[in-house]
Amino acid sequence: MGINMNQRMGSAGGTRPVTNLLFFVLALAISLWVAVANGDTLFYFDTDAYLDRGEQMLTEFGVIPLPEPIVGSDGQIIAQPEKKNIDGSRSPIYSVVLGLFAAFNALEGAILVNALLAIVAIWLPLRIAMRLYAPSVSAWLITLIAVAVSALGSYAFYVAFLMPDILAPVLLIVAATYVAFGGRMLFWEIALAFFLGVTAVSLHLSHQAIVVLLIPVTFVVSLAFGGKRRLMAPILIGLIALIGYAEQTAFKKAVQTVTSKEVTYLPFLTARLIEDKVGYRYLEANCPDEAIVTCKLYDALQLSDDPWRLTATHISFEKSERLGSFRRMPQDDQAAVANNQVNFFKDVLMWDPVGTALAFLNNTLTQARLNSVNMTLPSDSIVNKLDGTPGLAFTEFEKGRLAANTTWVEPITPAQQTLYLVSLLVVLAGIFWPGMPRRARAFLLMILLGILVNAFVCGGVSQPATRYGARVIWLLPMAAVLTATLIRALPGLRASGYYEKRKTAR
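The numbering of the sequence shown is the numbering used here, which starts it at 26 and goes up by one.
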């Protein structure tokens, strides 16, 4: 870029405020390149569900007025607004946030928020790393480079996506930052990371599962790499997980109190186990049995002999006579099956521990290989689903330029995968590079483990899909930029007597 990164540019890896602002604006512009190139937001089936839930919740809690009843020419009410159960499977907070943006016809603002959260999350660990190991290097310059390289992959597609998926990598960055740099973080840096973590956990159920699994991962890695405040990371990640659980509990209580309704969930885990055959074999061997709640779903699955009815997606969402099952059950039975899915998992695990473990392992490995951006591009059916939905300031819910003709996806996908593979090799080299600071090794290792945790949760609990892999895989290019920067800084660390000081401190 024509900039000597070894030239001193200010204190603690910083630059003059004007230069910092320039780097930030450039990073923001690069983050938004997909939205600009497409000429529209990217969206998914669930975007409609979030908007619907957001409007429903805002009306239920009196924030926006209820829709007017349909009145005939004779003045008689033909139909009242439909009252629906509140689905807790999709984050109520993200639903409300998206609903508020839509209420002001400003959904494009959600994309800007995506970009700001992602940039800050990338900048925070890079700032700390530059302060510790390369104080002459601008943290905002390295952030700009990291954003630019990541934007060659999936990063900018998820910034433009009207879904909470961009917060999954943010959560992984937070965990890695706490593990690696917790002992050297300033108070406001700890607080900022905590805010990012709580925000991420509050906006998608899969993030809550991820943060729970990150507790033992951060504990083990923190103990292995030692350092001051080695228990800080698992404690803070545990607190973030606790806040996520408290938020869900408070939401259910509020719904019951204000609307006298129950919060319902989709049986993602049950559906996954059935598609993996191990859950279906368990039901086949043990049903009918009134003590096994999920036998109600097994009975519904027998209403058709089409094998596609046994896929996780069709079990959870399909309503047709040929493919539907869960959605065709009575509401009370649906709630009972969904609320029992953790117990169902335990029963299946005890019944066939090897088969269950192999199914989760296979799903995790399958998910880890899926990282195309194709699922961020709306299909005709997705566009039709959101046709006429208000909320955007400048456009309608349309495909846009990039999504209108997706022939470019086929050649771009292997090119992006090459970027990820090269980045992975750079990160692995950095972990084993002689002289690489211990904290930096911990950060890089946590990024890799975080990607695997995401694959385990999304592949094992939901279903392997390119959307879930691509949302976090851009962390590899980001980590590779940090690795290359630190390798370049190693001679300076040796010259400064860094390693001798570390030995003396120990």
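Yeah, the Cβ is synthetic: ideal placement off N, Cα and C, and Gly gets one too.
Checklist entry - alpha helix (DSSP H) containing Asp377: first to last residue? => result For the purposes of this step, residue 377 is identified with residue 352 of the sequence shown, where counting begins at 1. That residue, Asp377, is in no alpha helix (DSSP H); it is neither H nor E in DSSP.
Next on the checklist: With a threshold of 6 Å on Cβ separation, who are the neighbours of Ala205 within its own chain once the five nearest residues in sequence on each side are excluded?
Outcome noted: Taking the first residue of the sequence shown as position 1, residue 205 is located at position 180. Once the five neighbours on either side are set aside, the close Cβ partners of Ala205 are Arg464, Ala467 and Phe468.
Next on the checklist: Which residues does DSSP list as the beta-bridge partners of Leu67?
Outcome noted: To locate residue 67, count along the sequence shown from 1; it is residue 42. Answer is Phe186.
Next on the checklist: Nearest by alpha-carbon distance to Val451: which of Leu501, Pro403, Ser227 and Lys410 is it?
Outcome noted: Translated into positions along the sequence shown, residue 451 becomes position 426. Comparing Cα-Cα distances from Val451 to each of Leu501, Pro403, Ser227 and Lys410, the minimum goes to Leu501.
Checklist entry - Between Arg41 and Phe49, what straight-line distance do the alpha-carbon atoms span, to the nearest angstrom? => result Here residue 41 refers to the residue found at position 16 when the sequence shown is read from its first residue. Here residue 49 refers to the residue found at position 24 when the sequence shown is read from its first residue. If you take the alpha carbons of Arg41 and Phe49, they lie about 12 Å apart.
Checklist entry - By the 10 Å Cβ neighbour count, where 16 or more other Cβ atoms means buried, how is Trp356 classified, buried or exposed? => result Here residue 356 refers to the residue found at position 331 of the sequence shown. In the sequence under discussion, the amino acid at residue 356 is Gln, which differs from the Trp named in the question. The residue is exposed, with fewer than 16 neighbouring Cβ atoms inside 10 Å.
Item to check | Residue closest to Ser56, alpha-carbon to alpha-carbon, out of Gly178, Leu291, Tyr75 and Gly79 | outcome: Position 31 of the sequence shown, counted from the start, is the residue given in the question as residue 56. Ser56 has its Cα closest to that of Gly178, out of Gly178, Leu291, Tyr75 and Gly79.
Checklist entry - Can you tell me the Cα-Cα spacing of Glu346 and Thr319, whole angstroms? => result Counting from 1 along the sequence shown, the entry for residue 346 is found at position 321. Counting from 1 along the sequence shown, the entry for residue 319 is found at position 294. Cα-Cα distance, rounded: 20 Å.
Next on the checklist: Using a Cβ distance threshold of 8 Å, determine whether the stretch 59-67 contacts the stretch 416-430, with at least three qualifying pairs required.
Outcome noted: yes
Item to check | Thr243 - DSSP class collapsed to helix/strand/coil | outcome: As a working note, residue 243 is residue 218 in the sequence shown. Thr243: helix per DSSP, three-state reduction.
Next on the checklist: In whole angstroms, give me the CA-to-CA distance for Ala271 and Thr381.
Outcome noted: Along the sequence shown, one-based indexing puts residue 271 at 246. Along the sequence shown, one-based indexing puts residue 381 at 356. So the alpha carbons of these two residues sit roughly 30 Å apart.
Next on the checklist: Once DSSP output is grouped into helix, strand and coil, what is the label at Thr289?
Outcome noted: What you label residue 289 is simply residue 264 of the sequence shown in a count that begins at 1. Thr289 falls in the strand class under three-state DSSP.
Checklist entry - Are the beta-carbon atoms belonging to Met188 and Asp71 less than 8 Å from one another? => result In the sequence shown, residue 188 corresponds to position 163, counting from 1. In the sequence shown, residue 71 corresponds to position 46, counting from 1. The answer is yes: Cβ separation under 8 Å.
Checklist entry - Below 8 Å between beta carbons: does that hold for Leu248 and Ile262? => result Position 223 of the sequence shown, counted from the start, is the residue given in the question as residue 248. Position 237 of the sequence shown, counted from the start, is the residue given in the question as residue 262. No. Outside cutoff.
Next on the checklist: List, from N- to C-terminal side, the alpha helix (DSSP H) runs of 4 residues or more that fit wholly inside the stretch 311-376.
Outcome noted: 320-326, 337-342, 356-364 and 366-376
Checklist entry - My guess is that Thr391 and Pro489 are in contact by the Cβ rule of under 8 Å, so how many angstroms apart are they, rounded? => result Here residue 391 refers to the residue found at position 366 when the sequence shown is read from its first residue. Here residue 489 refers to the residue found at position 464 when the sequence shown is read from its first residue. Indeed, because the Cβ distance is near 4 Å, the residues count as touching under 8 Å.
Next on the checklist: Assuming contact is defined by CB atoms lying nearer than 8 Å, are Met461 and Leu511 in contact in what I supplied?
Outcome noted: As a working mapping, residue 461 is identified with position 436 in the sequence shown. As a working mapping, residue 511 is identified with position 486 in the sequence shown. Cβ atoms of Met461 and Leu511: closer than 8 Å.
Item to check | Span of the alpha helix (DSSP H) around Ala171 | outcome: Translated into the one-based positions of the sequence shown, residue 171 becomes position 146. That run of the alpha helix (DSSP H) goes Ala164 to Ser175.
Next on the checklist: Tell me the rounded alpha-carbon separation between Asp377 and Arg306.
Outcome noted: On the sequence shown, residue 377 is found 352 positions in, with the first residue counted as 1. On the sequence shown, residue 306 is found 281 positions in, with the first residue counted as 1. For Asp377 and Arg306, the distance between alpha carbons rounds to 10 Å.
Next on the checklist: Rounding to the nearest angstrom, what Cα-Cα distance links Gly39 and Glu214 in this structure?
Outcome noted: To locate residue 39, count along the sequence shown from 1; it is residue 14. To locate residue 214, count along the sequence shown from 1; it is residue 189. Only weak support exists for where Gly39 lies, its pLDDT of 45 falling under 50; the coordinates are left without a value.
Item to check | Met26 versus Ile170 - alpha carbon distance | outcome: The residue given as residue 26 occupies position 1 in the sequence shown. The residue given as residue 170 occupies position 145 in the sequence shown. In this prediction, Met26 has a pLDDT of 40, which is less than 50 and means its spatial position is unreliable; what the coordinates show is noted afterwards. Cα to Cα, Met26 sits roughly 9 Å from Ile170.
Next on the checklist: Can you look up Ala159 in the DSSP assignment and give me helix, strand or coil?
Outcome noted: To locate residue 159, count along the sequence shown from 1; it is residue 134. Reduced to three states, the DSSP call for Ala159 is coil.
Checklist entry - Going by the CB atoms, is the gap between Leu322 and Phe293 shorter than 8 Å? => result For the purposes of this step, residue 293 is identified with residue 268 of the sequence shown, where counting begins at 1. For the purposes of this step, residue 322 is identified with residue 297 of the sequence shown, where counting begins at 1. Contact flag unset, no.
Next on the checklist: Whole angstroms are fine: how far does the CA of Pro160 sit from the CA of Met30?
Outcome noted: Numbered from 1 along the sequence shown, position 5 holds the residue referred to as residue 30. Numbered from 1 along the sequence shown, position 135 holds the residue referred to as residue 160. Low confidence applies here, because Met30 scores a pLDDT of 43, under 50, leaving its location unreliable and the question unanswered by this model.
Checklist entry - Is the distance from the Cβ of Asn396 to the Cβ of Ile498 below 8 Å? => result Looking up residue 396 in the sequence shown gives position 371. Looking up residue 498 in the sequence shown gives position 473. The answer is yes: Cβ separation under 8 Å.
Checklist entry - Excluding sequence positions up to five away, which residues of its chain have a Cβ less than 7 Å from the Cβ of Ala296? => result Here the question's residue 296 lines up with position 271 in the sequence shown. Result list for Ala296: Ala337, Ile340 and Ser341, in chain order.
Checklist entry - Pairing CB atoms from the stretch 356-372 with CB atoms from the stretch 433-451, are three or more of them under 8 Å? => result no
Checklist entry - Quick one, are the C-beta atoms of Asn388 and Gly494 less than 8 Å apart? => result If you number the sequence shown from 1, residue 388 lands on position 363. If you number the sequence shown from 1, residue 494 lands on position 469. Their beta carbons are not under 8 Å apart, which means Asn388 does not touch Gly494 by this criterion.
Item to check | Spatial distance of Met210 from Cys483 (CA atoms) | outcome: Residue mapping note: residue 210 aligns to position 185 of the sequence shown, counting from 1. Residue mapping note: residue 483 aligns to position 458 of the sequence shown, counting from 1. Going by the C-alpha atoms only, they are around 31 Å apart.
Checklist entry - For Thr508, does the count of other Cβ atoms within 10 angstroms reach 16, so buried, or fall short, so exposed? => result Within the sequence shown, the letter at position 483 stands for residue 508. Looking at its Cβ environment, which holds 16 or more other Cβ atoms inside 10 Å, Thr508 is buried.
Checklist entry - Skipping 5 residues on each side, what residues in its chain have a beta carbon closer than 7 Å to that of Ile299? => result To locate residue 299, count along the sequence shown from 1; it is residue 274. Excluding positions up to five away in sequence, the list reads Tyr305, Leu335 and Ile340.
Item to check | Extent of the continuous alpha helix (DSSP H) to which Leu196 belongs | outcome: On the sequence shown, residue 196 is found 171 positions in, with the first residue counted as 1. Note, Leu196: alpha helix (DSSP H), Leu192 to Phe206.
Item to check | Simplified DSSP assignment, three categories, for Ser404 | outcome: For this step, residue 404 is matched to residue 379 along the sequence shown. Looking at Ser404 - three-state DSSP - the assignment turns out to be coil, as it is neither helix nor strand.
Next on the checklist: Given this structure, state the Cα-to-Cα distance separating Trp333 from Arg255, to the nearest angstrom.
Outcome noted: Within the sequence shown, residue 333 is the residue found at index 308, counting from 1. Within the sequence shown, residue 255 is the residue found at index 230, counting from 1. So the alpha carbons of these two residues sit roughly 49 Å apart.
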